[in-house]
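Residue numbers (our numbering): 11 to 244. For every residue, glycine included, the Cβ atom is placed at its ideal position computed from N, Cα and C.
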Amino acid sequence: MIIQKKLRKQNKRASTSRQRKRQHLLDVKVRAKNVVARRTQSVLLTVCGFILFASVLGGAAFGARRILNALFFTNSDYAIKAIEVTSDGTLTREAILRAVDVTEGKNIFSVNLPKVQERLGALPQVEESRIQRILPNKLVISVQERRPVAWVVPPDTNVGSFNFENAYLVDRRGILLKTKSLAPEYLGLPLIVGVDTSNCQAGQPLEQDDVKAALDLIRASAEVLQGRFQIQSI
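This is the structure we're talking about:
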């Protein structure tokens with residue numbers, strides 16, 4: 011009898027222990043499921059929040075764009091009605107407007123000022139330029155042209171009478187210029203003789219040391235002599 015009672019107690023303890031283990035496993039599984047559920051919920055909330063934020067931001071950007079278009083870019087008050095062009099050289103108004111590709115009637119805010127300045131800078135004659143918007147409907151373009159200081163001519167050139175069509179003008183920085191007509195102010199410019207002009211191109215710089223030295227001499231003589239004596243050829 012005593013042995014049977016002991017066995018019953020042991021069996022009861024073993025059964026209780028197994029039940030506790032099973033309960034512990036169930037609790038662990040439930041907690042794991044809860045953790046996964048919370049993580050999934052957190053991810054979903056984050057994704058939904060991001061989508062909502064993107065939608066609000068996109069709507070705000072779309073609304074802002076429509077407002078800007080209505081106020082500025084499609085507003086007829088800002089259509090260009092006057093383009094003022096000034097140049098201190100031989101470039102004509104038509105040539106400048108053709109280069110920048112800007113016409114009256116275009117919206118003043120749609121004009122890309124850096125791009126316009128870049129197009130002007132591509133003209134060999136242009137040394138500096140300035141473009142301004144004057145609201146509501148005026149555009150001002152100012153151009154400062156390069157000033158030729160000499161001719162560059164091939165080695166076999168007759169200094170007394172040369173063909174300007176085979177020659178190039180050059181400014182103080184050594185930038186080559188090509189003229190379509192022989193202006194009176196170019197007749198008295200000194201000649202830098204000995205430059206191979208077969209591969210020359212307007213707008214490109216001359217990098218030869220001899221040419222740079224000749225330009226330095228022309229500049230120095232102009233500063234020192236102040237027109238009392240002029241170099242004819244170098």
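- Within the DSSP bridge table, the entry for PRO215 names ILE185 as partners.
- Rounded to whole angstroms, the gap between the alpha carbons of THR207 and ILE151 is 33 Å.
- VAL205 counts as buried, since at least 16 other C-beta atoms from the protein chains shown sit within 10 angstroms of its C-beta.
- The Cβ atoms of VAL180 and VAL153 lie no closer than 7 Å to each other.
- Taking the C-beta atoms as reference points, ILE185 is found no nearer than 7 Å to ILE244.
- The way I'd put it, the region 132–149 does touch the region 84–92; three or more beta-carbon pairs between them come closer than 8 Å.
- Within the DSSP secondary-structure output, SER139 pairs in a beta bridge with VAL153.
- Bounds of any alpha helix (DSSP H) do not take in VAL162; it lies within the beta strand (DSSP E) bounded by 158–163.
- The alpha carbon of TYR88 has as its nearest neighbour, out of ILE118, LEU133 and LEU227, the alpha carbon of ILE118.
- Straight-line measurement puts the Cα of SER86 at about 17 Å from the Cα of VAL112.
- Taken through DSSP and simplified to helix, strand or coil, THR56 comes out as helix.
- The continuous beta strand (DSSP E) containing GLU94 extends over residues 92–97.
- For LEU123, the enclosing alpha helix (DSSP H) begins and ends at 123–131.
- Rounded to the nearest angstrom, the Cβ distance from ARG182 to LEU225 is 6 Å, consistent with a contact under 8 Å.
- The beta carbon of PRO134 is closer than 8 Å to those of ARG156, ILE185, LEU186, LEU187, LYS188, ALA212 and GLY213 in its chain, skipping five residues each way along the sequence.
- With respect to the 7 Å criterion, ARG140 and ALA109 are not classified as neighbours on the basis of their beta carbons.
- Looking at the DSSP output, VAL180 bridges to ALA160 and LEU186.
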